[in-house]
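2 protein chains.
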Amino acid sequence: MDKSSISSKTLYRLLIYQRCLRKLIENGIETVSSSALAKAAGVKPAQLRKDLANFGQIGTRGLGYPVDDLADAIREFLGSTSLQPVILIGAGNLGSALMRYDGFNRGGFEVIGAFDLFPQSVAGKDITVPVYPMDTLTTFIQQKKVKLAILCVPGEHAQEVANTLSLAGIGGILNFSPTVLQVPPSVTVNNVDLALELENLSYFVTQES
Amino acid sequence: MDKSSISSKTLYRLLIYQRCLRKLIENGIETVSSSALAKAAGVKPAQLRKDLANFGQIGTRGLGYPVDDLADAIREFLGSTSLQPVILIGAGNLGSALMRYDGFNRGGFEVIGAFDLFPQSVAGKDITVPVYPMDTLTTFIQQKKVKLAILCVPGEHAQEVANTLSLAGIGGILNFSPTVLQVPPSVTVNNVDLALELENLSYFVTQES
DNA sequence: TCGTGTGAAGACGTTCACAGCT
DNA sequence: AGCTGTGAACGTCTTCACACGA
Chain A
1 MDKSSISSKT
11 LYRLLIYQRC
21 LRKLIENGIE
31 TVSSSALAKA
41 AGVKPAQLRK
51 DLANFGQIGT
61 RGLGYPVDDL
71 ADAIREFLGS
81 TSLQPVILIG
91 AGNLGSALMR
101 YDGFNRGGFE
111 VIGAFDLFPQ
121 SVAGKDITVP
131 VYPMDTLTTF
141 IQQKKVKLAI
151 LCVPGEHAQE
161 VANTLSLAGI
171 GGILNFSPTV
181 LQVPPSVTVN
191 NVDLALELEN
201 LSYFVTQES
Chain B
210 MDKSSISSKT
220 LYRLLIYQRC
230 LRKLIENGIE
240 TVSSSALAKA
250 AGVKPAQLRK
260 DLANFGQIGT
270 RGLGYPVDDL
280 ADAIREFLGS
290 TSLQPVILIG
300 AGNLGSALMR
310 YDGFNRGGFE
320 VIGAFDLFPQ
330 SVAGKDITVP
340 VYPMDTLTTF
350 IQQKKVKLAI
360 LCVPGEHAQE
370 VANTLSLAGI
380 GGILNFSPTV
390 LQVPPSVTVN
400 NVDLALELEN
410 LSYFVTQES
């Protein structure tokens, strides 16, 4: 199936399925039904089957899906498993925590550099990622051909940095700042707004009392 | 309008509008059109108007919305602005960063306690939130009637902790672990999966080359 | 009989386009 | 004239329900 025809929502689920499958492989399970995998992934069975239908016939009727083949099919569909370089801007609280976050590495990413107005401020915090001053940002991106950036600067500087990133040729920004970024169409932004998530959750919780 | 009839997506946008309005108030702007506010919030004007229609006639045709009144209306609609207590479980990298994250406070939350298997491990990291051992978790929740929890433990322990939280009477979990949690219907889970967000972004970026 | 694959139906969310107020 | 408020059209995502193969 055509790659561009997949939606962001489906993609999220594929990544979750992948994770569940890894667990099944570790446990030596060879076959899984749509209902079992769906339950593990937190979706409905029909949805899972629809999602998997994206890459043709894989399951066996009356039996289920072969775990290995399915994992391969998803991996292949998602494409390059090669190590992707990422940079991080803003080495504050959150930024330095993310530098140490190993979930990125496991997902095939490597934070190859961080940038901050005061690079020395994180010295001694057992950080292995090199931290550079902000004015070297553009040349770094262009020389290393970095495509992805994690943005953890305070809200009031986010747009400014986003402009720099866009001009330097970044393709995607994972934005942790509480700011709606205006970027050219060549740049994709993915917002992770922690305060918003908590407020949202809070609303639905206080309702049900 | 009935509160329960609002969707999660709309709620996210309302929170964003609120933030934009705060900025307008700071700048002393008194009136804003749907198109201007929509642009700041990163949505289409028609959508904004639909969202605002949830709480009746506020705008003035031919003119726009009075900033103050609109902000009040949203605040009132969303309900309690009172300080909400939150606990945090897992004082690792991410957990301790979140304890220091001031975005939660600004959103009307207070992290009143953290829990970790090794509470002393964060000593000296200039953390002002008290960190308790895990076995005091249930009684703490019940005594302080905490409704919200931020879960930052490693994936392999997430479900176990989620069970404890559910039994203790928690209403909402903001889950940072890369795990699909199975919880009773009385508990709402909001997932923030950092690795997934980056992988998702990466997919859409590498496509367009 | 069991579980996949899938068209059709349904639910939901967004956008359009215009009536109506200021 | 300008901009809101809103029914209707449109598009997308999800769920159902059943045919079909193992």
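Chains as they are written, first to last, in the working numbering: chain A, 1 to 209; chain B, 210 to 418. We treat Cβ as the ideally placed atom computed from N, Cα and C, and that holds for glycine.
Residue i versus residue j - alpha carbon distance
| i | j | result |
| --- | --- | --- |
| residue 97/A | residue 303/B | 5 Å |
| residue 214/B | residue 400/B | 22 Å |
| residue 58/A | residue 66/A | 8 Å |
| residue 36/A | residue 280/B | 46 Å |
| residue 177/A | residue 53/A | 37 Å |
| residue 294/B | residue 355/B | 6 Å |
| residue 40/A | residue 233/B | 45 Å |
| residue 118/A | residue 133/A | 7 Å |
| residue 291/B | residue 205/A | 14 Å |
| residue 378/B | residue 237/B | 44 Å |
| residue 173/A | residue 189/A | 5 Å |
| residue 105/A | residue 201/A | 29 Å |
| residue 129/A | residue 122/A | 10 Å |
| residue 79/A | residue 329/B | 43 Å |
| residue 108/A | residue 270/B | 52 Å |
| residue 221/B | residue 196/A | 7 Å |
| residue 48/A | residue 34/A | 6 Å |
| residue 55/A | residue 26/A | 24 Å |
| residue 152/A | residue 87/A | 11 Å |
| residue 346/B | residue 321/B | 12 Å |
| residue 50/A | residue 193/A | 30 Å |
| residue 308/B | residue 199/A | 16 Å |
| residue 371/B | residue 44/A | 21 Å |
| residue 217/B | residue 139/A | 41 Å |
| residue 277/B | residue 89/A | 35 Å |
Cutoff 8 Å: residue i Cβ touching any chain A Cβ
| i | result |
| --- | --- |
| residue 235/B | no |
| residue 315/B | yes |
| residue 351/B | no |
| residue 318/B | yes |
| residue 408/B | yes |
| residue 283/B | no |
| residue 322/B | no |
| residue 405/B | yes |
| residue 251/B | yes |
| residue 302/B | yes |
| residue 242/B | no |
| residue 367/B | no |
| residue 217/B | yes |
Own chain, CB closer than 7 Å to residue i, minus 5 neighbours either side, in chain order
| i | result |
| --- | --- |
| residue 74/A | 14, 17 and 18 |
| residue 63/A | 31 |
| residue 125/A | 96 |
Identity of the residues DSSP links to residue i by a beta bridge
| i | result |
| --- | --- |
| residue 404/B | None; residue 404/B has no bridge partner. |
| residue 221/B | Answer is none; residue 221/B lacks a bridge partner. |
| residue 172/A | 148/A and 188/A |
| residue 111/A | 86/A |
For residue i, the three-state DSSP class (helix, strand or coil)
| i | result |
| --- | --- |
| residue 161/A | helix |
| residue 266/B | coil |
| residue 234/B | helix |
| residue 31/A | strand |
| residue 120/A | helix |
| residue 362/B | coil |
| residue 272/B | coil |
| residue 390/B | coil |
| residue 37/A | helix |
| residue 341/B | strand |
| residue 304/B | helix |
| residue 414/B | helix |
| residue 346/B | helix |
| residue 83/A | coil |
| residue 298/B | strand |
| residue 102/A | coil |
| residue 127/A | coil |
| residue 283/B | helix |
| residue 5/A | helix |
Cut-off 8 Å between Cβ atoms - residues of its own chain near residue i, not counting five sequence neighbours on either side
| i | result |
| --- | --- |
| residue 159/A | 179, 181 and 182 |
| residue 375/B | 392, 393, 395 and 396 |
Residue i Cβ short of 7 Å to the ligand FAD heavy atom set
| i | result |
| --- | --- |
| residue 194/A | With respect to the ligand FAD, the structure shown offers nothing to examine, as it has no ligands at all. |
Short CB-CB distance (under 8 Å) between residue i and chain B
| i | result |
| --- | --- |
| residue 205/A | yes |
| residue 147/A | yes |
| residue 22/A | no |
| residue 101/A | yes |
| residue 178/A | yes |
| residue 192/A | yes |
| residue 78/A | yes |
Same chain, Cβ closer than 6 Å to residue i, five either side skipped, listed in chain order
| i | result |
| --- | --- |
| residue 91/A | 114, 116, 122 and 131 |
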